[in-house]
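**Q**
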Amino acid sequence: MLRIEDTDEDRNRPEWTQGIIDALAWIGISADDPHFEGPYLQSDYTQQHIAAALQLVDTGNAYYCDMTAADIEARNKAEGSQGYAGWSRDRDLGPGPGRVVRFRVPEGTTIVRDQVRGDVEFDNALIEDFVLLRGNGSPVFLLANVIDDVHMGITHVLRAEEHLSNTPKQQMLWDALGSPPPVWGHLPLLVNEQRKKISKRRDKVALEQYRAEGFLADAMVNYLMTLGWTPKGEEIQPWAQIEGDFRLSDVHLSPAFFDLKKLSAFNGDYIRMLSPTEFLEACRPWLLAPDAGYPIDSFDETVFLAMAPHIQPRCVTLADAPGVIDFLFLAEPVVDREAWTKVFAASEAVAVLRETKAAYESVSDWNAEALKSALESIGAAHDLKLGKAQAPIRVAVSGRTVGPPLFEALEVLGRDETLRRLRNAEAALN
RNA sequence: GCCCCCAUCGUCUAGUGGCCUAGGACACCACCCUUUCAAGGUGGCGGCACGGGUUCGAAUCCCGUUGGGGGUGCCA
Numbered sequence: 015m016l017r018i019e020d021t022d023e024d025r026n027r028p029e030w031t032q033g034i035i036d037a038l039a040w041i042g043i044s045a046d047d048p049h050f051e052g053p054y055l056q057s058d059y060t061q062q063h064i065a066a067a068l069q070l071v072d073t074g075n076a077y078y079c080d081m082t083a084a085d086i087e088a089r090n091k092a093e094g095s096q097g098y099a100g101w102s103r104d105r106d107l108g109p110g111p112g113r114v115v116r117f118r119v120p121e122g123t124t125i126v127r128d129q130v131r132g133d134v135e136f137d138n139a140l141i142e143d144f145v146l147l148r149g150n151g152s153p154v155f156l157l158a159n160v161i162d163d164v165h166m167g168i169t170h171v172l173r174a175e176e177h178l179s180n181t182p183k184q185q186m187l188w189d190a191l192g193s194p195p196p197v198w199g200h201l202p203l204l205v206n207e208q209r210k211k212i213s214k215r216r217d218k219v220a221l222e223q224y225r226a227e228g229f230l231a232d233a234m235v236n237y238l239m240t241l242g243w244t245p246k247g248e249e250i251q252p253w254a255q256i257e258g259d260f261r262l263s264d265v266h267l268s269p270a271f272f273d274l275k276k277l278s279a280f281n282g283d284y285i286r287m288l289s290p291t292e293f294l295e296a297c298r299p300w301l302l303a304p305d306a307g308y309p310i311d312s313f314d315e316t317v318f319l320a321m322a323p324h325i326q327p328r329c330v331t332l333a334d335a336p337g338v339i340d341f342l343f344l345a346e347p348v349v350d351r352e353a354w355t356k357v358f359a360a361s362e363a364v365a366v367l368r369e370t371k372a373a374y375e376s377v378s379d380w381n382a383e384a385l386k387s388a389l390e391s392i393g394a395a396h397d398l399k400l401g402k403a404q405a406p407i408r409v410a411v412s413g414r415t416v417g418p419p420l421f422e423a424l425e426v427l428g429r430d431e432t433l434r435r436l437r438n439a440e441a442a443l444n
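Quick note: the first sequence uses this note's numbering, first residue 15, plus one each step.
1. According to DSSP, is A333 part of a helix, a strand, or is it coil?
2. For E383, is the classification buried or exposed, using 16 other Cβ atoms within 10 angstroms of its Cβ as the cut-off for buried?
3. Output the boundary residues of the beta strand (DSSP E) element that contains Y77.
4. Can you tell me whether D283 is helix, strand or coil according to DSSP?
5. Using the three-state DSSP reduction, which class does W101 fall into: helix, strand or coil?
6. How about R116 and L157: do their beta carbons lie closer than 8 angstroms?
7. Can you tell me whether DSSP reads D22 as helix, strand or coil?
8. By the DSSP assignment, the alpha helix (DSSP H) with D128 in it spans what residues?
9. Using CA atoms only, rank isn't needed, just tell me which of L238, G228, L187 and V349 is closest to V205.
10. With a 10 Å radius around its C-beta and 16 neighbouring C-beta atoms as the bar for buried, classify T124 as buried or exposed.
11. If I measure Cβ to Cβ from F280 and keep anything under 7 angstroms in the same chain, skipping five residues before and after, which residues do I get?
12. Return helix, strand or coil for E142, following the three-state DSSP convention.
13. According to DSSP, is G199 part of a helix, a strand, or is it coil?
14. State the start and end residues of the unbroken alpha helix (DSSP H) segment that holds H63.
15. Using a Cβ-Cβ cut-off of 6 angstroms (strictly less than) and excluding sequence neighbours within five positions of Q56, which residues of its own chain qualify?
16. Please return the same chain residues whose Cβ sits closer than 6 angstroms to the Cβ of A66, not counting the five positions on each side in sequence.
17. Thinking C-alpha only, which one of F318, Y284 and D283 is nearest R298?
18. Count the other C-beta atoms from every protein chain shown that fall within 10 angstroms of the C-beta of R351, then say buried if there are 16 or more, exposed otherwise.
19. Is D430 helix, strand or coil by DSSP?
20. Would you kindly report the start and end of the unbroken beta strand (DSSP E) that includes E135?
21. If we ignore side chains and look at the alpha-carbon of each, how far apart do A254 and A231 end up?
22. Could you work out which residue in T355, H170, G199 and L191 is closest to G132 when comparing CA atoms only?
23. How many Å lie between L107 and N90 at the Cα?
24. Which two residues bound the contiguous alpha helix (DSSP H) that contains P265?
25. Can you say whether A441 is buried or exposed, counting buried as having 16 or more other CB atoms within 10 angstroms of its CB?
26. Alpha carbons only, please: which of E425, L427, D36 and L443 is nearest the one belonging to Q223?
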């Protein structure tokens with residue numbers, strides 16, 4: 015049973031809950047999965063939590079206490095102590111307004127048997143009688159967490175290391191409730207560049223955000239798996255392989271830094287592995303976005319598909335795709351003035367442009383190979399290598415000095431449009 | 001303060017006493033390829049936190065120190 019639990023103060027906001035469901039669906043965990051309990055809303059369970067606390071009072075494992083934070087502070091000051099030393103343990107207080115229910119921490123030691131980190135021993139004397147029910151009667155997270163686990167028959171609790179210190183408290187609760195504790199596994203924390211655990215406030219942690227930026231779910235999942243666990247063999251490997259090889263006991267003990275650069279490298283690899291059709295489908299939201307860089311209705315799937323193998327190696331994220339081929343869908347290329355000036359400052363550039371236009375007007379087969387050899391001979395006549403000779407044409411047609419392979423792009427652009435742009439460029443130069 | 005966890009290149013890591021002159025990946029640099037930019041190929045840079053033990057032998061075991069992190073709420 016997988017229970018997604020985030021007890022953030024925003025948890026009862028429906029749109030937030032939906033956000034979690036969407037994000038999980040993205041990485042392959044469906045809300046329809048029988049093992050998925052869905053985002054947990056504490057309010058639905060509160061009565062059970064309170065009942066459990068009361069039961070603990072009945073069995074002598076918990077007691078009422080009327081001391082406020084100020085009372086505790088005053089007493090500590092007077093006695094030179096700190097924390098709460100079980101002062102109300104034997105006062106036999108009953109329920110009353112403002113009274114909390116505290117757990118009676120037993121003597122001895124608590125050993126947490128952790129599948130990742132081994133046995134961790136805690137001295138119960140160092141754990142104070144913690145609150146179960148607040149003065150207003152509401153249950154605290156720790157209690158709610160345990161009670162839900164008990165009721166749901168949870169057998170394995172896998173969570174971040176930040177919870178390890180509170181695990182003895184939870185285990186004592188399981189014991190007091192007469193239920194065998196679950197198998198624990200505390201996973202290493204994910205940290206930011208400051209080596210602090212990543213938090214919603216400071217860091218980018220929402221899966222939805224990475225999806226929105228054009229990361230592939232497979233890349234995300236694969237990368238995440240390499241933090242805290244090492245795949246056998248290559249780092250990049252399919253989920254089925256990872257799933258089969260994964261052992262909880264192989265999980266690392268040290269925190270790992272979430273490196274966007276490495277995620278990007280994974281993403282680029284995954285993008286290159288896509289077939290043209292898969293790539294098109296994955297990119298579609300960005301290709302048809304209002305800010306794609308060209309009028310949406312001029313987008314042409316056939317052109318994109320033909321260019322896909324040349325676009326893929328130039329993308330780190332799916333969001334990069336429109337920018338690579340936008341000039342093919344624009345009525346007029348957006349000219350980078352600096353590039354234009356620089357390229358046409360070269361002595362033979364204008365002549366190459368003029369001659370190429372002429373040659374392209376009469377080229378018999380409009381295909382990349384023919385276009386290339388035509389320009390190659392023109393370049394040779396001017397003692398220019400292809401790398402130099404193609405520059406004026408590229409700038410004239412795409413407006414930029416960089417981009418996908420030129421002749422393949424001209425092939426899909428077509429003779430008429432290519433010549434039109436070459437003529438425009440020529441005119442602009444005069 | 002007290003408790004708990006952790007410690008190999010900048011980062012993610014391999015490594016469980018000899019195979020380690022410490023291997024890989026990302027990043028970075030160089031070169032190659034090349035129709036620009038990418039991608040790809042080759043090479044380079046770069047690390048066992050420190051101090052004591054144990055041992056014929058230690059990145060690996062033990063102790064300590066230092067450093068980092070987490071917890072310690074009538075937060076979740």
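A virtual CB, placed ideally from N, CA and C, is assigned to each residue, including glycine. The structure presented is a predicted model; accordingly, all values stated were derived computationally and were not measured.
**A** In short:
1. As a first step, residue 333 is located in the first sequence; it is residue number 319 there, counting from the start. A333 carries a helical assignment under DSSP once its states are collapsed to helix, strand and coil.
2. Numbered from 1 along the first sequence, position 369 holds the residue referred to as residue 383. So E383 ends up on the exposed side.
3. Translated into the one-based positions of the first sequence, residue 77 becomes position 63. Taken as a continuous stretch (DSSP letters only), the beta strand (DSSP E) holding Y77 covers A76 to C79.
4. For this step, residue 283 is matched to residue 269 along the first sequence. DSSP places D283 in helix when its eight states are reduced to three.
5. The residue given as residue 101 occupies position 87 in the first sequence. Three-state DSSP puts W101 in coil, outside helix and strand.
6. The residue you call residue 116 lines up with position 102 of the first sequence. The residue you call residue 157 lines up with position 143 of the first sequence. Not closer than 8 angstroms, so no.
7. Here the question's residue 22 lines up with position 8 in the first sequence. In this prediction, D22 scores a pLDDT of 45, lower than 50, which makes its location untrustworthy; the coordinate-derived value is nonetheless stated afterwards. In the structure shown, D22 sits in coil (DSSP, three-state: anything other than H, G, I, E or B).
8. By one-based count along the first sequence, residue 128 stands at place 114. Run containing D128: none in the alpha helix (DSSP H); it sits in the beta strand (DSSP E), T123 to D128.
9. Taking the first residue of the first sequence as position 1, residue 205 is located at position 191. For the residues L238, G228, L187 and V349, the minimum Cα distance to V205 belongs to L238.
10. Counted from its first residue, the first sequence places residue 124 at position 110. The residue is buried, with at least 16 neighbouring Cβ atoms inside 10 Å.
11. Here residue 280 is taken as the residue at index 266 of the first sequence, counted from 1. The answer, listed in chain order, is A233, N236, Y237 and I250.
12. The residue you call residue 142 lines up with position 128 of the first sequence. E142: coil per DSSP, three-state reduction.
13. By 1-based counting over the first sequence, the position of residue 199 is 185. In this structure, G199 counts as strand in the three-state DSSP scheme.
14. Within the first sequence, the letter at position 49 stands for residue 63. Run containing H63: T60 to D72, per the alpha helix (DSSP H) assignment.
15. Here residue 56 corresponds to residue number 42 of the first sequence, with the count starting at 1. Reliability of the predicted coordinates at Q56 is poor, the pLDDT of 48 falling under 50, and no value is obtained from them.
16. Walking along the first sequence from the start, residue 66 turns up at place 52. Excluding sequence neighbours, A66 sits near I161.
17. Taking the first residue of the first sequence as 1, we reach residue 298 at position 284. Answer by Cα proximity: F318.
18. Position 337 of the first sequence, counting from 1, holds the residue named residue 351. Label assigned to R351: exposed.
19. Taking the first sequence and counting its residues from 1, one reaches residue 430 at position 416. Reduced to three states, the DSSP call for D430 is helix.
20. Within the first sequence, residue 135 is the residue found at index 121, counting from 1. Element bounds for E135: G132 to D137.
21. Taking the first sequence and counting its residues from 1, one reaches residue 254 at position 240. Taking the first sequence and counting its residues from 1, one reaches residue 231 at position 217. Distance from the CA of A254 to the CA of A231, rounded to the nearest whole angstrom, comes to 14 angstroms.
22. As a working mapping, residue 132 is identified with position 118 in the first sequence. Ranked by Cα distance from G132, the options T355, H170, G199 and L191 are led by G199.
23. For the purposes of this step, residue 107 is taken as residue 93 along the first sequence, with counting starting at 1. For the purposes of this step, residue 90 is taken as residue 76 along the first sequence, with counting starting at 1. Using only the alpha carbons, I get a separation of about 21 angstroms.
24. Start at 1 with the first residue of the first sequence, and residue 265 comes out as number 251. The residue asked about is misnamed: residue 265 is Val in this sequence, not Pro. Careful: V265 lies outside any alpha helix (DSSP H) and carries neither H nor E.
25. In the first sequence, residue 441 corresponds to position 427, counting from 1. The residue is exposed, with fewer than 16 neighbouring Cβ atoms inside 10 Å.
26. As a first step, residue 223 must be located in the first sequence, where it is residue number 209. Minimum Cα distance to Q223 is reached at D36.
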